[in-house]
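To start, the structure itself, in structure tokens.
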Amino acid sequence: MFERFSSSYFLGRLYVEPYDGAEAAIHRTEHERLNECVYTDGSGVERVDYPLVMKLDTAHFPVVGDDGVPSGTLALPRDAVDSDALPDDRPVLLADAPRAAELLRYAGYDPDDLAPGGPGGSGPDRPDDRLA
Numbered sequence: 001m002f003e004r005f006s007s008s009y010f011l012g013r014l015y016v017e018p019y020d021g022a023e024a025a026i027h028r029t030e031h032e033r034l035n036e037c038v039y040t041d042g043s044g045v046e047r048v049d050y051p052l053v054m055k056l057d058t059a060h061f062p063v064v065g066d067d068g069v070p071s072g073t074l075a076l077p078r079d080a081v082d083s084d085a086l087p088d089d090r091p092v093l094l095a096d097a098p099r100a101a102e103l104l105r106y107a108g109y110d111p112d113d114l115a116p117g118g119p120g121g122s123g124p125d126r127p128d129d130r131l132a
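Numbering-wise (the UniProt record's numbering), the sequence shown opens with residue 1 and increments by one.
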């Protein structure tokens, strides 16, 4: 779904649509799977509910999991996007753990909630740099 794009981001494509929620969201199962790939090190039971950080065009969004969002879709709050340009299939960047931790701190998340194993903690080594 996502492949390494740069030293701080993975690149993927998602169907992006506006919705009435307060936070950006993807389907909960996809959120947990990506969260596990990006933020956990596989050493034990770790949280997989940290917000992911995705970038669409020039804007970053903390992204949560939501069972009501269709698979393969990034749902963005209507007031945060140009609804005239959506829905659309779009390239989306996913921040890796260190970059996500930095961005979440800027967004006001408590740094104590971001480690260990969460954003900024050590993620798994991925020889092929692909995220399912």
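In this text, a Cβ means the ideal position worked out from N, Cα and C, and glycines have one as well.
Item                                                                                                                                                             : Value
CB Ala100 to CB Tyr15, shorter than 9 Å?                                                                                                                         : no
Give the single residue among Pro62, Asp79, Leu56 and Arg78 whose Cα lies nearest to the Cα of Leu12.                                                            : The residue asked about is misnamed: residue 12 is Gly in this sequence, not Leu. That would be Leu56, whose Cα lies nearest to the Cα of Gly12.
Should Val63 and Leu52 be called a contact, given that it needs their Cβ atoms to be closer than 9 Å?                                                            : yes
What residue from His60, Arg78 and Arg90 has the CA that sits closest to Glu102's CA?                                                                            : His60
Enumerated in chain order, which unbroken segments of the beta strand (DSSP E) with a length of 3 residues or greater are wholly contained in the region 55-121? : 59-65, 73-77 and 88-95
Report back the beta-carbon spacing between Leu74 and Val92 to the nearest angstrom; my notes put them in contact at under 8 Å.                                  : 6 Å
In this structure, how does DSSP classify Tyr50 when only helix, strand and coil are distinguished?                                                              : coil
Note down the Cα distance separating Glu3 from Phe10, rounded to an integer number of angstroms.                                                                 : 5 Å
Where Gly72 and His27 are concerned, what is the direct C-alpha to C-alpha distance, given to the nearest angstrom?                                              : 8 Å
Helix, strand or coil: how does DSSP classify Glu36 here?                                                                                                        : helix
Can the beta-carbon of Pro87 be found less than 9 Å from the beta-carbon of Glu30?                                                                               : no
Return helix, strand or coil for Glu30, following the three-state DSSP convention.                                                                               : helix
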